[in-house]
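Chains as they are written, first to last, in the numbering used here: chain A, 1 to 143; chain B, 144 to 575. Heads up, the thing below is written out as structure tokens.
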């Protein structure tokens, strides 16, 4: 169920991001979604890809610092307040969100949100109970 | 001007005789009370009686900074602690400090050496002395201070930092003599200019040491602060500031050699070198009671001049040290060994296997950056976790070195690996 997100340590210097995308492109890996957290000194690139295991291996082999994090993905209907409903549900359940990022695809009208929460299990149960559509790992990788 | 004209101008023969007598006494005390000296001399087949005068000095084994570390904290003391009235410490090669002790008489001699240095350049009891060296375990602050009081100056223990307050005190208290590191003097000079205080200051003499500096910096400092700038040399193992000082002739630093026997030796062979040849500076502290030092190798590179100086002094002159034969760095006047930084990083386990120390000088102040490779085991995808790691390393480095450092986490393998010894230090500071 859990979706594997790849995080890569990005040193604050020109060319680092293209080094990472170069590794992925060379390995034929497709990026589904990405987000970058940056500070003045460094950044963290977070990626959802179609083949997380392969991506992890290749990035590591290229000498990058990588880690794998389990996240959840929700599918939202495209209407006002949809994201608010999800976040309010989590809030009611006392689950804090570490970070989130959204993406869309051309294959459907829905919007997708990747959520990093403290407890994936609790969050999934709460969201499911509220009728929020959750995506499986396979769903996300093959979007 | 002389503080102790008789000793500062005595003939070479008289000096040699005095030094020889004091050396015999120091060797006897060291052998009798300090186990590491006894062991070293025995290993060299020497007894105190074998040292009859100055000519026998080269027969004695060297003492190194590691010897002080190995006997941490009091193993090199020749007197019981009850006789000790002061303890200072400086950075050692690893986490441990190098500890030095002083009896009342040691503090008095140190103060006199400092007084001789100040007087040599014209400081008198009419002066207001502004001491901007750090007061603490570092010998600069208290060493300069006691010298000022010995001369009879109105001595102000300003210590380091808070440049704005420094300027205010200088202007309001009428400071005439300034003691600090040369890089801080440059910074003060800028601040004086920026504040438009040049005409309000009464500074006339400055004594700058604890880091290497150049003639170019001297000219800058003199122009900015409106004073005459002199080089002062000292290190805590020997006593502190005042071991040697420039006279107004500026042709080298006069060593107070009746207390500190001075040699320059070939780094490869350990053999004493003649005047004018550069090598490692070695001191023997013959009058120190709490911690006599026998042939302590400072690792500073310089050369000596024994001929009489135009100022009238016969005291041997050493050139400004031009470098070191070990990997010690002097950053903002503080001794830093790469091994200290390595020890801190190793404390973070696998988090920090590779590092690079980058020293630079920006706006006349030394900067220290430590680049640390981000290892996977320490990597988190949360920004605050990585920032916390950075903060912990920074705090630990600062508490070990006593100076602040910027920690930069870099990608693995981005720090150059070379065959054999890794390049750990890049010193971008260019003097002059």
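Note that CB positions come from ideal geometry on N, CA and C, so glycine has one too. No experiment lies behind these values; they were computed from the predicted model shown.
Inter-residue spacing [alpha-carbon to alpha-carbon] between residue i and residue j
| i | j | result |
| --- | --- | --- |
| residue 138(A) | residue 56(A) | 17 Å |
| residue 473(B) | residue 240(B) | 15 Å |
| residue 258(B) | residue 9(A) | 57 Å |
| residue 260(B) | residue 548(B) | 33 Å |
| residue 436(B) | residue 40(A) | 49 Å |
| residue 161(B) | residue 395(B) | 23 Å |
| residue 173(B) | residue 221(B) | 6 Å |
| residue 51(A) | residue 140(A) | 11 Å |
| residue 28(A) | residue 58(A) | 11 Å |
| residue 16(A) | residue 518(B) | 17 Å |
| residue 296(B) | residue 488(B) | 45 Å |
| residue 212(B) | residue 249(B) | 21 Å |
| residue 313(B) | residue 230(B) | 30 Å |
| residue 466(B) | residue 426(B) | 17 Å |
| residue 528(B) | residue 215(B) | 37 Å |
| residue 23(A) | residue 33(A) | 16 Å |
| residue 414(B) | residue 185(B) | 20 Å |
| residue 568(B) | residue 557(B) | 15 Å |
| residue 380(B) | residue 253(B) | 12 Å |
| residue 432(B) | residue 382(B) | 11 Å |
| residue 302(B) | residue 490(B) | 32 Å |
| residue 294(B) | residue 265(B) | 11 Å |
| residue 203(B) | residue 315(B) | 53 Å |
| residue 443(B) | residue 255(B) | 24 Å |
| residue 471(B) | residue 153(B) | 36 Å |
| residue 43(A) | residue 525(B) | 10 Å |
| residue 167(B) | residue 511(B) | 44 Å |
| residue 127(A) | residue 107(A) | 24 Å |
| residue 562(B) | residue 485(B) | Reliability fails at residue 562(B), whose pLDDT of 49 lies under 50, so the model's placement of it is uncertain and no value is given. |
| residue 14(A) | residue 534(B) | 24 Å |
| residue 191(B) | residue 287(B) | 35 Å |
| residue 7(A) | residue 552(B) | 16 Å |
| residue 575(B) | residue 326(B) | Reliability of the predicted coordinates at residue 575(B) is poor, the pLDDT of 45 falling under 50, and no value is obtained from them. |
| residue 263(B) | residue 388(B) | 8 Å |
| residue 89(A) | residue 48(A) | 24 Å |
| residue 93(A) | residue 129(A) | 11 Å |
| residue 463(B) | residue 353(B) | 12 Å |
| residue 282(B) | residue 375(B) | 13 Å |
| residue 434(B) | residue 37(A) | 56 Å |
8 Å contact criterion, which residue i and residue j should meet: CB distance rounded
| i | j | result |
| --- | --- | --- |
| residue 72(A) | residue 45(A) | Not quite, the Cβ-Cβ distance comes to about 19 Å (not below 8 Å), so this is no contact. |
| residue 501(B) | residue 550(B) | Actually they do not touch by this definition, with Cβ atoms about 11 Å apart. |
| residue 207(B) | residue 440(B) | 6 Å |
| residue 419(B) | residue 409(B) | Not confirmed; about 13 Å, so no contact. |
| residue 460(B) | residue 448(B) | 4 Å |
| residue 299(B) | residue 328(B) | About 16 Å; that fails the 8 Å criterion. |
| residue 554(B) | residue 121(A) | Between residue 121(A) and residue 554(B) the Cβ distance is about 34 Å, and since that is not below 8 Å, they are no contact. |
| residue 429(B) | residue 458(B) | Actually they do not touch by this definition, with Cβ atoms about 15 Å apart. |
| residue 2(A) | residue 98(A) | About 15 Å separates the two Cβ atoms, so there is no contact after all. |
| residue 102(A) | residue 111(A) | 6 Å |
| residue 290(B) | residue 385(B) | 6 Å |
Contact test: residue i Cβ vs the ligand PLP heavy atom, cutoff 8 Å
| i | result |
| --- | --- |
| residue 21(A) | For the ligand PLP, the structure offers nothing, since it holds no ligand at all. |
### Task
Evaluate the contact criterion for the stretch 315–327 of chain B versus the stretch 272–282 of chain B: three or more CB pairs, one atom per stretch, below 8 Å.
Judged by Cβ distances under 8 Å, the stretch 315–327 of chain B makes contact with the stretch 272–282 of chain B, as three or more pairs qualify.
### Task
Identify every run of the beta strand (DSSP E) within the stretch 427–468 of chain B, keeping only runs that are complete inside it and at least 3 residues long; order them along the chain.
436–445
### Query
Residue ranges of each beta strand (DSSP E) run of no fewer than 3 residues wholly in the stretch 34–58 of chain A, ordered along the chain?
42–49
#### Entry: Interfacial residues, the stretch 57–82 of chain A to chain B, with Cβ spacing under 8 Å
60, 63, 64, 65, 66, 67, 69
### Message
Tell me whether the stretch 146–164 of chain B and the stretch 191–199 of chain B touch, counting them as touching only if at least three CB pairs, one residue from each stretch, are closer than 8 Å.
### Response
yes
### Task
Run through the stretch 511–563 of chain B for me and flag every whole alpha helix (DSSP H) of 4 or more residues, listed as ranges in chain order.
Taking only runs of at least 4 residues, the alpha helix (DSSP H) segments lying wholly in the stretch 511–563 of chain B are 526–544.
### Query
For the stretch 60–124 of chain A, which segments carrying the alpha helix (DSSP H) assignment without a break, of at least 4 residues, lie completely within its bounds, in sequence order?
82–92, all fully within the stretch 60–124 of chain A.
### Message
Does the contact criterion of 3 or more C-beta pairs under 8 Å hold for the stretch 106–120 of chain A versus the stretch 144–152 of chain B?
### Response
no
### Query
Counting only runs that start and end within the stretch 258–316 of chain B, where is the beta strand (DSSP E) found for 3 or more residues in a row?
271–274, 297–299
### Task
May I have a chain-ordered list of the beta strand (DSSP E) segments no shorter than 3 residues that lie completely inside the stretch 348–431 of chain B?
Restricting attention to beta strand (DSSP E) runs no shorter than 3 residues, the stretch 348–431 of chain B encloses them at 348–352, 371–377, 384–389, 396–398, 403–408, 422–428, ordered along the chain.
### Message
Pairs of beta-carbons, one from the stretch 384–394 of chain B and one from the stretch 442–454 of chain B, closer than 8 Å: are there three or more?
### Response
Because the criterion of three Cβ pairs below 8 Å is met, the stretch 384–394 of chain B and the stretch 442–454 of chain B touch.
### Task
Check each residue of the stretch 34–50 of chain A: if its Cβ is closer than 7 Å to any Cβ of chain B, include it; give the result in chain order.
Answer in chain order: 37, 39, 41, 42, 44, 46.
### Query
Which residues, in chain order, does the stretch 2–14 of chain A contribute to contact with chain B at a C-beta distance below 7 Å?
Taking 7 Å as the Cβ-Cβ cut-off against chain B, the residues of the stretch 2–14 of chain A that qualify are 7, 9, 11.
### Query
Between the stretch 507–530 of chain B and chain A, which residues of the former have CB atoms less than 9 Å from a CB of the latter, in chain order?
516, 517, 518, 519, 521, 522, 523, 524, 525, 526, 529, 530
### Message
Beta carbons nearer than 7 Å to chain A: which residues of the stretch 469–488 of chain B have them?
### Response
none
### Task
Give the residues from the stretch 370–382 of chain B that approach chain A closer than 8 Å (Cβ to any Cβ), ordered along the chain.
none
### Task
Please name the residues in the stretch 92–104 of chain A whose beta-carbon is closer than 7 Å to at least one beta-carbon of chain B, in chain order.
98
### Message
Output needed in chain order: residues of the stretch 336–352 of chain B with a Cβ under 7 Å from some Cβ in chain A.
### Response
Within the stretch 336–352 of chain B, no residue qualifies.
### Message
With a threshold of 8 Å, are at least 3 pairs of Cβ atoms found where one atom belongs to the stretch 360–375 of chain B and the other to the stretch 341–352 of chain B?
### Response
yes
#### Entry: Interface residues of the stretch 528–559 of chain B facing chain A [CB-CB below 8 Å]
529, 530, 533, 551, 552, 553, 554, 555, 556, 557
### Query
Which runs of the beta strand (DSSP E), 3 residues or longer, sit entirely within the stretch 194–259 of chain B?
227–233, 241–246
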